[in-house]
Each structure stands twice: as C-alpha cells, then as structure tokens.
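Peer 1:
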Amino acid sequence: MPRHVIIGNGIAGITAARMLRKLSDDEILVISAESEYFYSRPALMYYFMGHMPEQALKPYEDWFWKKNRIQLKKAFVQEVDVKQKALRLDSGESLSYDTLVLATGSHAVKGNWHGAHFSGIQSLIGIHDVYALEENIKNVSQAVVAGGGLIGVELAEMLLARNIDVTFLVREFKFWNRVLPPEESQLLEKHIRDDHGVDLRVGTEIKDIQGDAAGRVAGITTQHGQKILCQFLGVTIGVAPNIAFLESSGIETAKGVLVNEYFETNIPDVYAIGDCAEFRHAIGDRPRIEQIWYTGKMHGEVLAHTLAGKRTPYKPVNFFNSAKIFDIEYQVYSRKVVIPYECQSVFWSDDHMRKSIRVFFDPQSKRFEGVTVLGIRLRHEVCDRWLREERSLDYVVEHLSDARFDPEFYPGLEQKIVDVYNLMFDKNLKLKKRNWKRIFQLK
Amino acid sequence: MKLMSSIGKLLFYSGLLVFLLSLGTGSFQLSQETAFDELDRLHLEDGRSYYSVLEPELKSLYGKEFSSRYAFLKAYRESVDRTQEELKKQSGLSIKDDRSVMILKRSTTGLLRNDMAFAFVFSFVFLLMPIGAVLMFYAKYKSPVGGIRHNGIFQNSLTNGGWLGIFLGTLLIGFYIVLYFFPEWLTNWMLLADPIKQVFIAGAQADQWFLYGLMYGVAMLVMGLRMYMKYRGNRYQMFRTTSVLFFQLCFAFALPEILAAFNQPAVDLKHIWPLNYGYFEGSNITSMYSYGNIGMTMFWWGVLLFLIGVPLFTYFFGKRWYCSWVCGCGGLAETAGDSFRQLSDKSVKAWRIERIMIHAVLVFAVLMTVLVLCAYWGIGNTPENPDMVFGISSGTLKWIYGFLIGSIFSGVVGTGFYPLMGNRVWCRFGCPLAAYIGLFQRKKSRFRITTNGGQCISCGNCSTYCEMGIDVRAYAQKGQNIVRSSCVGCGVCSAVCPRGVLRLENAPEETRMQQEPIVIGHDGIRLNEKL
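Quick note, the sequences are listed as chains A and B, same order.
Residue numbering for the first sequence follows our numbering, starting at 2 and increasing by one per position.
Residue numbering for the second sequence follows our numbering, starting at 7 and increasing by one per position.
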C-alpha cells in the first residue's frame, strides 16, 4: 500500500489528506513542524481577542485523525532525499515516502531596515506568533503595524482589542488599492480612522527603527522623516513560500516550488500545493503563487484526486474572495482575479451605513464581469452562475435580489443599484423580486 | 464612557446589596384578619373552611411577636400539625395547603412595613439596579458603528466557565432551590413585588410565582436592552429580541394578571403541552372548563397549537418560530443568557447524550400525561382509587416528573447552569416540546441555514457562539446546509460569521438536503464523481 507523506498541516495539506482518505485506502501521513493538530489560521485573531478558547481553533476533534487513519507527526523536515525517497527529520529519524506532497505554506517577509533586530518586533503567521504576541504586548501602550494588507488589518484590530494605540503604515496611496477601487478604499480608510481611532497613514513606509537601552523597539522613522513612538512593531509586509529546506534537494524552486497544473514538480511523485507552490505557467489570469485560504483548499482537493489515481488538472474558474476589515465585510465574485482595466462599473455606496455595491461590466459586450460588496452579503452560487452563464449587466442588475444573502429583515439595497443603473444609462429597468425557483434552479 | 460604566456598576451593585440584605429584615406577628383572609377561602371535602378548623390552635399565636421567620413558621406549622392530627383521627380528612408562606409574608412587621424604608428599598431594586445595568451595558457596547465584538469573553472568568461564572451559577442554583423548595426565605421580596401586583389587581398579594415572573420579566427587559445595544445593526436580532420581550412581558406576565383581574382563567396562552406538563391534569381541565366558554376556548387553543400550530409553523419557519421567538425559556436564554451561549458543549459526545436525553424526557412526558388523562377519564382505574391507572400511581408519576423534570431540570439546571454549561441546557437536553418541534424541523420544514459555497475560513465563531452546541463550522466548511432538529434559529452564528457564510432562510423544501457539497471555484473535479 503506497504511503503518501504530506509536509505541512495547513489548509492545503490537510484538505489533500482528508480528500485523499475519502477517495482511497492508501497510507497517509501528515508531518508538521508547526503544530500537533490542524488549526484554522484565520481563527487566530479571534482566539487572541478572547472570542474563542484555544481548542476552538481546531476544526476537527482530536479523535478525527485516528478515526480516519490519517497519521500525524510533529517534526521538522531538514532534508528531502528524492533519490531514496526519504525525509530526514530534525530528530535524526528517517522517513520514507511513495509520494511526497509539499504543503509547507509561507513565512512572513522580514524588513531589512536598520534596527529590525530589536525585540518587540514580530509578524503574524501562525499560532507561535500569537503566543509571542501575548508576551510582546506586555506593558505596551503604543504600537506600529507596518504593511497594509489583510494580515496588517487583522493585527491592528487585535492590538486595539487590548487597548493599545495603533499607527498603521500603508505603503500604497490608498488602502488595499491593489484590489479595491478608490471609493471602496476611501470607505474603509474612514472606517479604520474614524470608527476605530487607528492612526492610518497611507503612502508611508518605515525608513528605520530605533531601540531603547534594553534592546527593545522604541520607535520608528518614516521615509517622510516622521518619528513615531512605539513599544511594539508588527511587520506585515507580505509572505513568501517556505522552501529553504529544499535547497539541495533537486526539487526546482524559484520563489516557490515550481509546479505544473497537476501540481507536479520536476521530480516524479513529488508535488507541491498551497502557499508554497508556484505555477510555472500562470493558469488563466491567476497569480503564479496563490496565497489565499480558498485556493489552498482547492489545490488540496484537486491533488487528492491525482494521488488517488486519477490525474486531475487544477482548473480554477471564476474568482472569489472575502475578508473583513474591522467591522466591514468584503466579498468579491469575478471572472478574473483582477478586473480588467477597461471594465466599467455601476456603483452605489452609503457612507453612513458603511456599505457599497459595485457591479462590473465589459463596456463593449455589456457582459457582467464581477461584483464587489462592502457590508453586504451575496449568494456565492448565484453570482458564480451569472458569471458562468455569461449574463449581461442588465440581467444581473434586474435579478440582483436573487443574490441577496443578508439576514432576513435587512433592507434590500438592490433597488439602489437599479436606480444608479437607470440614471447612468437613462433606462427604466425594474428590479425583479427574489425567486427561489430561479435561485435553486428548480423546475 | 469609563465614568458611565463606573456609575452603572455603583448603582447596580448597591442595588443588589440592598436587595439581598432586605431578605433578612423584619419580625413576624400573626393577626386574625390575615389568618381569616388566607384560610377561609379554602375548604375541606366536607365543606368546612380551613380557617374554622385551624382557628382553635392558631388563636394562641395572634399578636405574638417572633423575631425570626423560623420561629414563626415553627410555631405556625406546629399548630397546623396538631390540627391535622385531630382531623385525621376524626374524619380522615387533611389540610392540603397550609398557606404558611403567604401567612408568613403577611405577618411581616418591621422595616418593610415602614413606607419610607419600603420606598427606599423598592427604588434601589426596581430603579437603580436596572438603570445601573443599562448604563454598564451602554458604556460597554457604545460604538460609532454596529458590529458584534466579543473581545475578552474567553479571558473573563465570568463568561469563560471560570470561578466567577461558577460563583454566579451557584447563586442562581441556590436561588432556584430556594424558590421551589424554601420560598419562605423570599417573603420580603414578595412584599416588594406587592405594589406591582396591585397595579393589576387591587389589594392582591404577590406570591413567589408572581415574584419570579416579575424578576424574570425585569431580567429579560434589561438584558433585552443589552441585546439591542450589542446586536444593533442586525435587524434579525433586533426583531427577534422584540418578539421574545413581547411574548414574555405581555403574554406570559401581564395578560394572565389582567385576565385574573377580570376573573377569567389566568393562562399563559403560549405555554403549551408538553412544556406545560400539567396541562392535561384533571384539576387543570376541570378548572378551565369551570370558566365556561372562555376557559374551554383557551384550553382547546392550547391543544390546537400543539396539534396543528406546531407542524404548520415549523413547516414554514422552522423550530425558531417558538424556541427563539416566542418561548419564555427561550426568551430568558436569548436575553439574560446571551452572555453564556459560548459555554455550550460542541463535541459529538454531547450530541449523542443530547439526543438520548431529550427524547427520553419526551417519552416520559407522554407516558405521564397518558396516565394522568386516563385517571381523569376513568380508564384503567376505579372510582374508589382513581389515582391508580393500570396499577401505576398517576399522581406519583406526575409528582416525580414535576419534581425531577419540571423543577430540577427545567428550573434549577435550566437557568442555574447558564454560567456553567450555557444558556440552553434545558432546551437542548430536556425540553419535550423542543423534541417534538425538532422532529418536524428535521423531517418536514422549509427552514435551513444555507451555507455560502466556499467562503468558509473555518474560524469557528459559528460553533463557538451556537447556544445549542451544534458544530456549525463542520457544516459550513463543507458548504453543507444545516438542518438539525436542535437548531432554534437564534441567528447568532450568521451574525458572528466574519465572511457572511451563513443565512437562516425558509426556502423550497426540496432544496434543503443537498448532495455532497462542492467548493465552488474550480472545475478540476466534480466531487460526486466516482473514480
């Protein structure tokens, strides 16, 4: 019976393990240097803020793994011997494999500023960072978070929950402008500043870091020359694949482990998925390294089929993602990861409600290209179907109520978009009432 | 905000202190008017009033002052005992209810009979305590924008199952034990409740049950205000909270008092069998019918609600129409109990125990009721011995049910265990009505919690805050709809989900139970495919 060894018990590795067990009786062993059991990384912030106990981090009860004959081993893999098909662990132990899955995830990119060595500076990736954070914030009253991505926002919220003042440095000139149009950025910036009292500074980076006599961070200087006092510095400037241990293995890497659409590396029977994998050729308009929870899950599902005997390519279709910036939820459902520049949109927002909807369309074909929302919930299945069926903007706007996923009794905001649309195009479109038969595709 | 919080705490705790201390005050003196008023309206089977029979023994107590309630009660109960002995010898009859608690209450003299002192205590309890609590909550939940923040819940020993929670749980359990089994300790609080009772019925006396109903209503109202503050922005929560407040304060508290004031049956029209386990007791049926048409209508209303209302409403809306929008137990759980919902056990083991226990209680309730009805209808028993139905004592069975399930499980454990095991221990492990409604929800209903394709990040907030201990995350991360007989539809899982994955909805029945769920987003595989 072949033994599949998976290095890494994050969402990609664990999904591969679980899915493989559903499809096959082969031996499955998951090795992790990080934790004994799989835990939800997105849950870490809620644990830290006291929303849930530590054991709630684990989506599966401890007996689940034994019951499903998925062996777990806590160990660090120092070397991969692809010729012997063996792993050398930090304990000295040697482990053989028939197939190897690299699902080692990412580590935080460190800044190379002067003073980056002081204590009281850390990033946020895993459970050990949360333990470290608990120690590092003792007696801290002012913190700086450098790096305006989603992890940065979460870290800022975590620090605020402990009554620590936060200065949030964002390199971009508008918050998360790699993804968001300016109006949405504006709405979120206002929320971060006005509703939560975070000192958000866009277009700002760290130039260097100062420390005190004890070797602890005492403040930073921005590239504009501003000095900001702090006793804690969170560095959230990006993540990079964990591939250092593969240096002399013969497995080809660049930024990440190089794979094709089957997740195959250059070595037979060696695969890579999740944050640590880098597609040699981009699939569609997807980035070559996908560092999202959802894509990690999808990678794991697809690879499991290959490992179970049916070689299956990864064929991501429409893109989706979601996040939460303090109190505002964000969702996107779109054909492409990055909405094409030529696309136009029908946009509505309400600052007071802190909500917005933006429906993208191709100006030539009038085809619906995607929708992003702040503070509003949409039905994934319906949005995805609209994209697959290549519906027109008209159709989508008319049937927008079908996509409503806000809780019952919430005011329907679809009429707002219809009104904007009618104004934009000088039309008289009528919003259709939500129809269950249409939503669930019943006869 | 800090100042408001401090003022709130000061008002609340000083009110609480006065409330607790007021229990111990007073001395006791029985008067003939009190004895007459309490005892003359009750009669032995031979027509003699309790008063006429007890008077010879009680005479020696009139005007005698007792400094402790125990001394008073001892003397009173001894008088009653002596009378009972005589009665038994003479005629074999006995006094069923010695009214000792109400007589003790009405014989209270001292501090609480002084108008100024009474007003002082009353305002501390009914004004300062609630206002203090509301101020504390306002300071805590005030923010420029809606959004649920559970910061610090698991770092606080009151809400994480720690020592403060255990302490509160002990106090609550103690209160319920006293309420059910030693109500004489609470007579001073009943005195405080008198003015409110008299709003409804002039000159009436508040007993421990009115006191309990009043405390229940005040707790729900204050904690309901907290719900509005905490969940503001979430319309489902606001509407639902309003609903339970309405049903408890109007249907369960005020309406019965008003009905009694008009000499109509004082019935809580939403308190149906089998939750109201005494519904089909002979004495209840007789009593309802004795009120004529209105009593009969109310009685059959309850029956129809059970037989037709439950299947019908549960089909359209799910169990939530009752359990988290109407029921009184649910009402307290959703308001006062909201702070403790995270303490429910989500393990599979707990689920296995739950399913056995709740259906066992249902079977017990049904059996007990069948026997009691048989006793009433004269099936399986004899006129000489109406209690023994098919050789089983229906009265004893009813008493056991009432004690174990009605008092201990539903009352003491039900609320007392809030800070220990969460706010729905009774609802989840015991309530036979919940078991009944749950069968319909699971088998024949349009209700479900839809999960949004692949957006789940397995954070676990949904499971943590599910008061019924459903591992919501297990369904959400698979994209599988939640159709569970125990789900009361409180909607908090949906409210706390940070990615908008969950939605409570009533939709075509055939779309409830899906195939093996698929994470939408890639076409590499169709998960149902066989290899």
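Note that beta-carbon positions come from the ideal geometry of N, C-alpha and C, so glycine has one too.
All values derive from a computational prediction rather than experimental measurement.
#1: Taking only beta carbons into account, state which residues of the region 145-159 of chain B come closer than 9 Å to chain A, listed in chain order.
#2: Would you mind sorting B/T388 into buried or exposed? The rule is 16 or more other CB atoms within 10 Å of its CB.
#3: Could you say which of A/C231, A/I210, A/H192, A/Q292 lies nearest to A/A241 if we only look at CA atoms?
#4: Quick one: does B/T248 have its CB under 8 Å from some CB of chain A?
#5: Please confirm whether B/I359 has its beta-carbon closer than 8 Å to some beta-carbon of chain A.
#6: With a CB to CB cut of under 6 Å and the five nearest residues on each side skipped, what residues in its chain are close to B/E360?
#7: Whose C-alpha, out of B/S353, B/L198, B/H365, is nearest the C-alpha of B/L27?
#8: Could you tell me the alpha carbon to alpha carbon distance between A/N140 and B/Y283, rounded to whole angstroms?
#9: Note the first and the last residue of the continuous alpha helix (DSSP H) segment covering A/W177.
#10: In chain order, what residues of the region 38-53 of chain A put their CB closer than 7 Å to some CB of chain B?
#11: For the beta strand (DSSP E) that contains A/L430, what are its first and last residues?
#12: For the region 173-206 of chain A, which residues have a beta carbon sitting closer than 9 Å to at least one beta carbon of chain B?
#13: Less than 8 Å between the C-beta atoms of B/E190 and B/S106, yes or no?
#14: Under 8 Å between beta-carbons, which chain D residues line up against A/W437? List them in chain order, please.
#15: Using the beta-carbon of each residue, which ones in chain A are nearer than 7 Å to B/C465?
#16: If we count the other Cβ atoms within 10 Å of its Cβ and call it buried at 16 or more, is A/S450 buried or exposed?
#17: Out of curiosity, what's the CA-to-CA distance linking B/L537 and A/A18?
#18: Does DSSP put A/T313 in a helix, a strand or coil?
#19: Whose Cβ in chain B lies nearer than 8 Å to the Cβ of A/Q227?
#20: A/D209 by DSSP, collapsed to three states: which one?
#21: Helix, strand or coil: which one does DSSP assign to A/Y38?
#22: Is there a Cβ of chain B sitting closer than 8 Å to that of A/Q332, yes or no?
#23: May I ask you to report which of helix, strand or coil DSSP gives A/D328?
#24: Can you check which of these residues, A/D63, A/F77, A/E158, is closest to A/E35 by C-alpha distance?
#25: In this structure, does DSSP put A/H197 in helix, strand or coil?
#26: In angstroms with no decimal places, state the Cα-to-Cα distance between B/Y481 and B/G386.
#27: For B/E84, which of helix, strand or coil comes out of DSSP?
#28: Could you tell me the alpha carbon to alpha carbon distance between A/V6 and A/Y132, rounded to whole angstroms?
#29: Which residue from B/G288, B/T248, B/L313, B/L9 puts its Cα closest to that of B/C333?
#30: Among residues of its own chain, excluding the 5 on either side of B/G408, which ones have a beta-carbon nearer than 8 Å to its beta-carbon?
#31: Given that a residue counts as buried once 16 or more other Cβ atoms are within 10 Å of its Cβ, and exposed if not, what is B/K276?
#32: Report the start-end ranges of each alpha helix (DSSP H) in the region 412-442 of chain B that is 4 residues or longer and not cut off at the edges.
#33: Would you mind stating whether B/G41 and B/Y19 have Cβ atoms separated by less than 8 Å?
#34: Measure the alpha-carbon distance for B/Q204 versus B/R47 and round it to whole angstroms.
#35: Which residues in the same chain have their Cβ closer than 6 Å to the Cβ of A/G310, if we skip the five residues on either side of it in sequence?
#36: Pick helix, strand or coil for B/D43, following the three-state DSSP scheme.
Peer 2: Based on what the coordinates show:
#1: So the close ones are S149, P150, V151, G152, G153, I154, R155, H156, N157, G158, I159.
#2: By the Cβ neighbour-count rule, B/T388 is exposed, with fewer than 16 other Cβ atoms within 10 Å of its own.
#3: Ranking the options by Cα distance to A/A241, first place goes to A/Q292.
#4: Between B/T248 and chain A, the shortest Cβ-Cβ separation is not below 8 Å.
#5: Not closer than 8 Å to any Cβ of chain A, the Cβ of B/I359 fails to qualify, so no.
#6: So the qualifying residues of the chain are R434, F435.
#7: Its Cα nearest to that of B/L27, the residue B/L198 stands out among B/S353, B/L198, B/H365.
#8: Looking at the two C-alpha atoms, the distance is approximately 57 Å.
#9: Note, A/W177: premise wrong, no alpha helix (DSSP H); not H, not E.
#10: Correct list: S41, P43, A44, Y47, M50, G51, H52, M53.
#11: From DSSP, A/L430 is part of no beta strand (DSSP E); its letter is neither H nor E.
#12: So the close ones are H192, D195, D196, H197.
#13: In this structure, B/S106 lies closer than 8 Å to B/E190 by Cβ.
#14: Checking the listed chains, one finds no chain D in this structure; the protein chains it contains are A and B.
#15: Here the neighbours are S41, P43, A44, Y47.
#16: Since the first and last residues shown for chain A are 2 and 444, residue 450 of chain A lies out of range.
#17: Interpretation of B/L537 is limited by its pLDDT of 39, a score under 50 that renders its predicted location unreliable; the figure taken from the coordinates is listed afterwards. B/L537 and A/A18: Cα-Cα distance of roughly 17 Å.
#18: Here A/T313 carries a coil assignment [DSSP, helix/strand/coil].
#19: Those within 8 Å of A/Q227 in chain B number zero; the least Cβ separation is about 27 Å.
#20: It is a strand residue.
#21: For A/Y38, the three-state secondary structure derived from DSSP is coil.
#22: Yes, contact with chain B.
#23: When secondary structure is reduced to three states using DSSP, A/D328 falls in the coil class, being assigned neither helix nor strand.
#24: The residue with the shortest Cα to Cα distance from A/E35 is A/F77.
#25: Coil at A/H197, not helix or strand.
#26: Roughly 49 Å separates the two Cα atoms.
#27: In the three-state reduction of the DSSP assignment, B/E84 falls in the helix class.
#28: About 28 Å.
#29: Nearest option by C-alpha distance: B/T248.
#30: For B/G408, where only same-chain residues beyond five positions count, the Cβ hits under 8 Å are Y283, G284.
#31: By the 10 Å Cβ count, B/K276 comes out buried.
#32: Those alpha helix (DSSP H) runs which fall completely within the region 412-442 of chain B and span 4+ residues are 424-427, 431-435.
#33: Inspection of the sequence shows that residue 41 of chain B is occupied by Ala rather than by Gly. No, the Cβ-Cβ distance between B/A41 and B/Y19 is not below 8 Å.
#34: The alpha-carbon atoms of B/Q204 and B/R47 are separated by roughly 20 Å.
#35: Result list for A/G310: empty, nothing under 6 Å.
#36: The answer is helix: DSSP assigns B/D43 an H, G or I state.
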